[in-house]
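With my numbering applied, the sequence shown covers 37 to 403. Cβ atoms here follow ideal geometry from the backbone N, Cα and C, with glycine treated the same way.
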Amino acid sequence: LELEEMKKNGKIASIVVMGCMSERFGTELKKEFFHIDRFFGSNDIEQIIKYLCSKDYQKYDPDYDRISLTPPHYGYLKISEGCDNACSFCSIPLMRGLQKSQPVEWNIAEARRMAQNGVKEILVIAQDSTSYGWDLTPRRSLAELLTELDKIDELDWIRLHYAHPTHLHNDVIKCFNSLEKLIPYIDMPIQHASTSVLRDMRRGLKIDRIKEKIFKLKESNKDIAIRTSLIVGFPNESDENFQELYDFIKEVRFDRLGVFTYSQEEGTIGEKQFDDNVPLEVKKERLDELMKLQMNISLEKNRSLIGTNQKVIIDTHTQEGFSIGRTFRDSPEIDNTITFNKSLQIGEFYNAKILEASHYNLIGDVS
C-alpha cells in the first residue's frame, strides 16, 4: 500500500514483485494488487533483464557480471533449481518445479569466475544437491561435478549443502576422502528418526538406512562434520515417535543441528492428507528439548578442541575490534564461530589455537 501511494505521487515509476510467492500465486496476487506492474517468478531472469533494459539476456553476456551478496571470500554456487522429491511437508516443487540441473560445464565456468573474483570458499547448494545431474543428457553426477570443482586452483574450500540422504551414494561419500578441497562437512537434512514419521513425510528411507549413510560418511573421513535439520510436530507425531528422534540425536551426536516446528503449507500432500493435530505448545516443547540436547552436545564437542590448532577463515569484524571467523565445521550465518581479540584480515586463512569454548562459539589466538 505504501508503494502504491509512492507510485501515485510519482516517487517511483513502477512496482514489480518477484520470487517464490509471485511464481506460485501470481494470478491471485494480480487480482488483489492491481497497481502492481509486473510479476516475475524465481527463474524469470531473462524476462527481468529484458524488462529493465530492453535487452535480451545471455548467460555469458559481459554486461551482466555476477553481483555478489556475500563477502568477497565466499559465495554460493547453485547447481540446480527445483526438486523431484515429493516430501509431504514441502511446497518447493509447487513453486520451483521439477529439478533442472545446470550443465557441469556451466557450473565449472561460474565457479572459475567466482574464484577469479576472489572467492576462496564455494558453498554448493540446490534444493537437492545429491540428485544433481540425473536429468541431464548425458546423465551426470554430483561426484563428477565435485571432482571438477576440486581442480580449480584458486579455491581453498568446497562445502556441500542440502544433501538428501536418499540420494547420497557411495561415489559422493568417497569424495570426502579423495578430494583435497572438498572439506569434511556435509549438510544432510534427515527431518526425523521415526520410521513411521519418515514414511508419512515421504522421505524415501527408513532410519536404519540413514544411520548406515552416517556411518559411511564417518568411515570415509573421521573428521567429517555433519549438519542436519529436523521437523518436530509433524501430524500424528506421538510421544513415542518423538522419543525415537531424541534418542537418535543422542546416539549420533550431530555436529550442527537445526530444528523447526511443522506448519502446513497450502497445496502440499501433508496439507491434503493429514490434520495438523499436534498442539503448538507441544511442538515448541519438543523443539526446546532437542535444542537443549544439542547445546550440550555442541559444548562437549567444542571443549574437545581446546588446546588444538585449527585452520580458520575470517568473515568479519565487530565494532569492538574483535575478528570473527569459522573452522571447516562451520558454514556462514548458520553455524558456530570463533572469536579473536585482535584485528585479522577478512577473507584470509589463519592457523589458530583454541583457548576457550562455549556452546556455539570458540575463543582463539593467532601468534
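For the candidate residues the options, whose alpha-carbon lies nearest to that of residue i?
{"i": "residue 209", "options": "112, 314, 180, 297", "result": "180"}
{"i": "residue 168", "options": "109, 193, 150, 121", "result": "121"}
{"i": "residue 140", "options": "84, 118, 183", "result": "183"}
{"i": "residue 369", "options": "46, 111, 204", "result": "111"}
{"i": "residue 177", "options": "190, 365, 204", "result": "204"}
{"i": "residue 132", "options": "192, 146, 88, 54", "result": "54"}
{"i": "residue 257", "options": "212, 331, 316, 172", "result": "212"}
{"i": "residue 366", "options": "290, 246, 392, 325", "result": "290"}
{"i": "residue 130", "options": "265, 334, 117, 138", "result": "117"}
{"i": "residue 375", "options": "364, 384, 143, 392", "result": "392"}
{"i": "residue 252", "options": "283, 279, 206", "result": "206"}
{"i": "residue 273", "options": "301, 294, 315, 254", "result": "315"}
{"i": "residue 352", "options": "228, 382, 317", "result": "382"}
{"i": "residue 326", "options": "84, 280, 342, 153", "result": "280"}
{"i": "residue 343", "options": "332, 398, 295, 354", "result": "398"}
{"i": "residue 218", "options": "275, 156, 277, 271", "result": "156"}
{"i": "residue 234", "options": "254, 277, 146", "result": "277"}
{"i": "residue 109", "options": "275, 254, 193, 255", "result": "193"}
{"i": "residue 154", "options": "107, 402, 214", "result": "107"}
{"i": "residue 255", "options": "214, 41, 275", "result": "214"}
Since residue i contacts residue j with CB under 8 Å, what's their CB separation in whole angstroms?
{"i": "residue 394", "j": "residue 380", "result": "The pair is not a contact, with the Cβ atoms about 20 Å apart (cut-off 8 Å)."}
{"i": "residue 65", "j": "residue 76", "result": "Going by Cβ atoms, the distance from residue 65 to residue 76 rounds to 12 Å, so no, they are not a contact pair."}
Please list, in chain order, all residues of the same chain as residue i whose beta carbon is under 7 Å from its beta carbon, the five residues on each side excluded.
{"i": "residue 297", "result": "268, 269, 319, 320, 323"}
{"i": "residue 148", "result": "188"}
{"i": "residue 216", "result": "186"}
{"i": "residue 286", "result": "329"}
{"i": "residue 377", "result": "358"}
{"i": "residue 250", "result": "262, 288"}
{"i": "residue 406", "result": "Because the chain here runs from 37 to 403, residue 406 falls outside it and cannot be looked at."}
{"i": "residue 73", "result": "50, 51, 52"}
Less than 6 Å between C-beta atoms, sequence neighbours within five positions excluded: which residues of the same chain meet that for residue i?
{"i": "residue 231", "result": "242, 243"}
{"i": "residue 39", "result": "51"}
{"i": "residue 371", "result": "292"}
{"i": "residue 150", "result": "111"}
{"i": "residue 95", "result": "The predicted model places residue 95 with a pLDDT of 45, which falls under 50 and marks its position as unreliable, so this point remains unresolved."}
{"i": "residue 335", "result": "395"}
{"i": "residue 137", "result": "116, 168, 169, 171, 172"}
{"i": "residue 294", "result": "265"}
{"i": "residue 284", "result": "229"}
{"i": "residue 145", "result": "none"}
{"i": "residue 97", "result": "For residue 97, the predicted model reports a pLDDT of 47, less than 50, meaning its position is unreliable and no value from the coordinates is stated."}
Ends of the beta strand (DSSP E) at residue i?
{"i": "residue 157", "result": "157-161"}
{"i": "residue 54", "result": "52-54"}
{"i": "residue 388", "result": "385-393"}
{"i": "residue 295", "result": "292-297"}
{"i": "residue 15", "result": "Given that the chain is displayed from residue 37 to residue 403, the structure contains no residue 15 and the question cannot be resolved."}
{"i": "residue 246", "result": "Not the beta strand (DSSP E): residue 246 falls in the alpha helix (DSSP H), residues 243-256."}
{"i": "residue 196", "result": "193-196"}
{"i": "residue 127", "result": "Segment: none, residue 127 is in no beta strand (DSSP E) and carries neither H nor E."}
{"i": "residue 401", "result": "397-401"}
{"i": "residue 213", "result": "Looking at the DSSP string, residue 213 is not in any beta strand (DSSP E); the run it does join, the alpha helix (DSSP H), is 206-214."}
{"i": "residue 14", "result": "With the chain covering only 37 through 403, there is no way to say anything about residue 14."}
{"i": "residue 76", "result": "74-76"}
{"i": "residue 223", "result": "218-223"}
{"i": "residue 365", "result": "Per DSSP, residue 365 belongs to no beta strand (DSSP E) and is neither H nor E."}
Going by DSSP, what residue range makes up the alpha helix (DSSP H) through residue i?
{"i": "residue 324", "result": "316-339"}
{"i": "residue 176", "result": "Residue 176 -> no alpha helix (DSSP H), and no H or E assigned at all."}
{"i": "residue 134", "result": "Neither: residue 134 is in no alpha helix (DSSP H) and is coded neither H nor E."}
{"i": "residue 170", "result": "Element bounds for residue 170: n/a, residue is neither H nor E."}
{"i": "residue 277", "result": "275-288"}
{"i": "residue 313", "result": "Unbroken run through residue 313: none, as it is neither H nor E."}
{"i": "residue 113", "result": "Here residue 113 belongs to no alpha helix (DSSP H); instead the beta strand (DSSP E) covers 110-114."}
{"i": "residue 106", "result": "Counting along the chain, residue 106 falls outside any alpha helix (DSSP H), and DSSP gives it neither H nor E."}
{"i": "residue 379", "result": "It is not in any alpha helix (DSSP H) - residue 379 carries neither H nor E in the DSSP assignment."}
{"i": "residue 235", "result": "231-237"}
{"i": "residue 144", "result": "140-152"}
{"i": "residue 43", "result": "38-44"}
Take residue i and list the residues in its own chain whose beta-carbon comes closer than 8 Å to its own, dropping the five residues that flank it on each side.
{"i": "residue 124", "result": "236, 237, 238, 304, 305, 306, 309, 310"}
{"i": "residue 43", "result": "49, 50, 51, 71"}
Margin query: With a threshold of 8 Å, are at least 3 pairs of Cβ atoms found where one atom belongs to the segment 159-171 and the other to the segment 190-198?
Written below: yes
Notebook entry, point to check: Counting pairs of beta carbons, one from the segment 260-267 and one from the segment 205-222, are three or more of them closer than 8 Å?
Noted result: yes
Item checked: Touch test, the segment 347-367 against the segment 385-392, Cβ-Cβ under 8 Å, three pairs minimum -> yes
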